[in-house]
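This is how it looks when you write it as structure tokens:
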């Protein structure tokens, strides 16, 4: 009985190692496709997740969403939001590949900054829909991001 448990533990350890190795390879390939993993990409992904979650809270808890007539949760609105986030990543991918073709390093960064400004505004809008006051320093940061976006 003990030998059977030991063999099962070895198989589970091997399966876990294979799964983690596969995840690492996929993560590395995706990171390379998007022009590398840097603070801008990490921030964009965090802001996208935060925007989606705060949108769910606005609709589910506060029932104050501007995405539906009733202001409550809607699977259609949720899927639309996820599709938009996915398309955002596709545009970042295109910008990263354009940087490679053009031999530049600013197209992807400009696109990421533009989407960061958009996500930040959306998060702040969600906070407002929850009834939270928005600190002036956040509004100034948004204005600065919007200035970089227009450049």
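In our numbering, the protein residues as written are 7 to 157.
We put the CB at the ideal spot given by N, CA and C, even for glycine.
- A residue is called buried when at least 16 other Cβ atoms come within 10 angstroms of its Cβ; residue 54 meets this threshold and is buried.
- With 16 or more neighbouring CB atoms inside 10 Å of its own CB, residue 117 falls in the buried class.
- Here residue 75 carries a coil assignment [DSSP, helix/strand/coil].
- Runs of the alpha helix (DSSP H) lying entirely within the region 15 to 90 and spanning at least 4 residues, in chain order: 45 to 66.
- Where residue 126 is concerned, the enclosing alpha helix (DSSP H) starts and stops at 113 to 135.
- Counting of Cβ neighbours within 10 angstroms places residue 138 among the exposed residues, the total staying below 16.
- Assigned with DSSP and collapsed to three states, residue 100 falls in helix.
- Proximity to residue 97 across 128, 41, 79, 83 peaks at 41, based on C-alpha coordinates.
- In this structure, the beta-carbon distance from residue 126 to residue 151 falls below 8 Å.
- With fewer than 16 neighbouring CB atoms inside 10 Å of its own CB, residue 144 falls in the exposed class.
- Apart from the 5 residues on each side of it in sequence, residue 79 sits with its Cβ closer than 6 Å to the Cβ of 65, 66 in its chain, given in chain order.
- Ranked by how close their Cα comes to the Cα of residue 93, the residues 136, 129, 121 have 121 in first place.
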